[in-house]
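In the working numbering, the protein residues as written are 25 to 299.
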Ligand SMILES: Cc1ncc(COP(=O)(O)O)c(C=O)c1O
């Protein structure tokens with residue numbers, strides 16, 4: 025059994041589910057390490073924030089945790105995905121009066137990303153698909169991911185690990201499945217996500233660790249030109265941890281000292297992620 029839908033082993037939902045009909049819901053993708061999700065609380069906080077913004081009832085957290093535990097307790101390394109939709113509804117966008125959210129907890133195998141991605145770094149490109157501005161949804165991990173679907177299918181070259189996405193003003197926001205950081209003169213920069221992008225759990229963790237380690241951090245607009253002049257660039261998400269970028273559109277970047285320091289910090293709290 026690797027999927028629980030509202031607590032029952034199952035693998036299909038109703039065609040009337042608003043998650044399927046409208047993308048009306050949220051999800052979380054979590055790393056499972058030695059039978060637990062190291063960042064469970066952080067994921068729950070983002071989910072809770074998302075529920076508030078979408079006016080979606082937040083599920084019973086103890087129940088959610090018990091269901092998650094059933095699926096992951098014997099796993100050394102796995103991925104736990106949680107999907108929360110507004111549940112079934114009739115035709116039309118208006119919320120049903122007494123929505124019964126659909127709660128899906130599913131376990132996946134750990135992805136077989138090449139080990140060298142974390143060590144030697146990855147090659148990255150820019151995507152043509154832009155991210156639209158929508159402050160009411162910005163930061164959330166909601167179920168509408170069509171921009172990422174279009175962007176990820178712009179390239180087939182297996183050597184390119186990730187594509188960077190810009191907003192309509194030309195600011196580099198994030199990757200199709202990751203957040204982006206750059207280092208310039210020992211200062212750490214990442215994009216402002218007030219208008220678009222997903223506020224990644226690993227991004228938040230890296231910013232916190234960097235601050236605690238006394239590094240200067242800055243959240244703001246990053247243009248393509250600024251990125252081209254960076255000393256280091258790296259990507260983050262809950263499953264990859266931190267991947268340095270060694271090449272962006274043909275330009276070579278070195279895997280620098282700050283990327284290495286942050287990787288070491290992640291490995292301390294989050295062992296096995298770079299194995
Ligand atoms: C578009 C996008 N941005 C950022 C992230 C990073 O989020 P997290 O660190 O929570 O995994 C993801 C993760 O899948 C993503 O899909």
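Note that beta-carbon positions come from the ideal geometry of N, C-alpha and C, so glycine has one too.
None of these values were measured; they are calculated from a predicted model.
For residue 172, the shortest separation between its Cβ and any heavy atom of ligand 1 lies below 7 Å. The count of Cβ pairs closer than 8 Å, one atom from the region 140–155 and one from the region 109–116, stays below three, leaving the stretches out of contact. Sequence-distant Cβ neighbours of residue 191 in its own chain, meaning closer than 7 Å and more than five residues away, are 154, 155, 157, 197, 219 and 220. Within a 10 Å sphere around the beta-carbon of residue 85 sit fewer than 16 other beta-carbons, which makes this residue exposed. The beta strand (DSSP E) runs lying completely inside the region 272–297 and spanning 3 residues or more number zero. Distance check between residue 136 and each of 96, 179 and 185 places 185 closest, using alpha-carbon atoms only. For residue 46, the enclosing alpha helix (DSSP H) starts and ends at 42–46.
Judged by their CB atoms, residue 56 and residue 104 are nearer to each other than the 8 Å cut-off.
The residues 216, in chain order, have a CB closer than 6 Å to that of residue 244 in the same chain once the five nearest residues on each side in sequence are set aside.
C-alpha of residue 58 to C-alpha of residue 99: approximately 6 Å in a straight line. Judged by DSSP secondary structure, residue 147 falls within the beta strand (DSSP E) whose first and last residues are 146–150. The beta carbon of residue 270 sits closer than 8 Å to those of 144, 145, 146, 147, 276, 277, 278 and 279, all from its chain and outside the five residues before and after it, given in chain order.
DSSP, reduced to helix, strand and coil, places residue 195 within a strand of the structure shown.
Ligand 1 has no heavy atom closer than 7 Å to the beta-carbon of residue 68. Linking residue 204 to residue 43 through their CA atoms gives a straight-line distance of about 28 Å.
When the five nearest sequence neighbours on each side are left out, the beta carbons in the same chain lying within less than 8 Å of the beta carbon of residue 228 are those of 66, in order along the chain. In the DSSP assignment, residue 103 is bridged to 55 and 132. Counting only the Cα atoms, residue 77 lies some 7 Å from residue 160.
DSSP, read as helix, strand or coil, puts residue 206 in strand. Here residue 48 is buried. Its C-beta has 16 or more other C-beta atoms within 10 Å.
Buried is the label assigned to residue 112, since at least 16 other Cβ atoms lie within 10 Å of its Cβ.
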